[in-house]
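Quick notes on the structure that follows.
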Amino acid sequence: MPVFPSEEWAKAFCKAINESESYRRSAKGWVWPILFKVTDLPDDLLAKYPSGSPGMKVDLENGVCKGVEWYDDSSEGDAPYIISAKYSDWIDVINGKVNPVTAFVRRKLKLEKGSFATILRYSMAAVEMVKCAQKVGLE
41 MPVFPSEEWA KAFCKAINES ESYRRSAKGW VWPILFKVTD LPDDLLAKYP SGSPGMKVDL
101 ENGVCKGVEW YDDSSEGDAP YIISAKYSDW IDVINGKVNP VTAFVRRKLK LEKGSFATIL
161 RYSMAAVEMV KCAQKVGLE
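Numbering (my numbering), first residue to last: 41 to 179.
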């Protein structure tokens, strides 16, 4: 099982997205890459990612993941949508303890760039994306 966050995890996440018919249906019309940033890392991950903020850009188009780019330092990446969260909050979302839309409302997930109205329009796709992340799992 790949460790979250890592390049291996990001690639497995893209693969899980492409295997999800539910995500494909709910994400029809979504055509923008998303850069997911992870902050406030635990010490073991901070040693691996000294920037303190690794990230992955997931290239999404109409329910398909066309690829991922991994960044040991997420400030090196850019995308039309940028979502950041503390490591612990990402874990809670991936584990299903917090719905992704609720996490936005509670400011656990922060939209640094992009339209919140568009995010809300695709809330079912966000839920399905979390299910894909759960299939990848966490170490």
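Note that CB positions come from ideal geometry on N, CA and C, so glycine has one too.
Straight across, the Cα-Cα distance linking Ala173 with Gly154 is about 22 Å. Per the C-alpha coordinates, the member of Thr142, Arg64 and Val145 positioned closest to Cys105 is Arg64. DSSP, reduced to helix, strand and coil, places Asp84 within a helical segment of the structure shown. Note that the C-beta distance between Ser60 and Lys171 is below 8 Å. Counting along the chain, no alpha helix (DSSP H) covers Ala119, and no H or E run does either.
Take the alpha-carbon of Glu47 and the one of Met41: they are about 12 Å apart. For Leu149, there is no enclosing beta strand (DSSP E), as DSSP marks it with neither H nor E.
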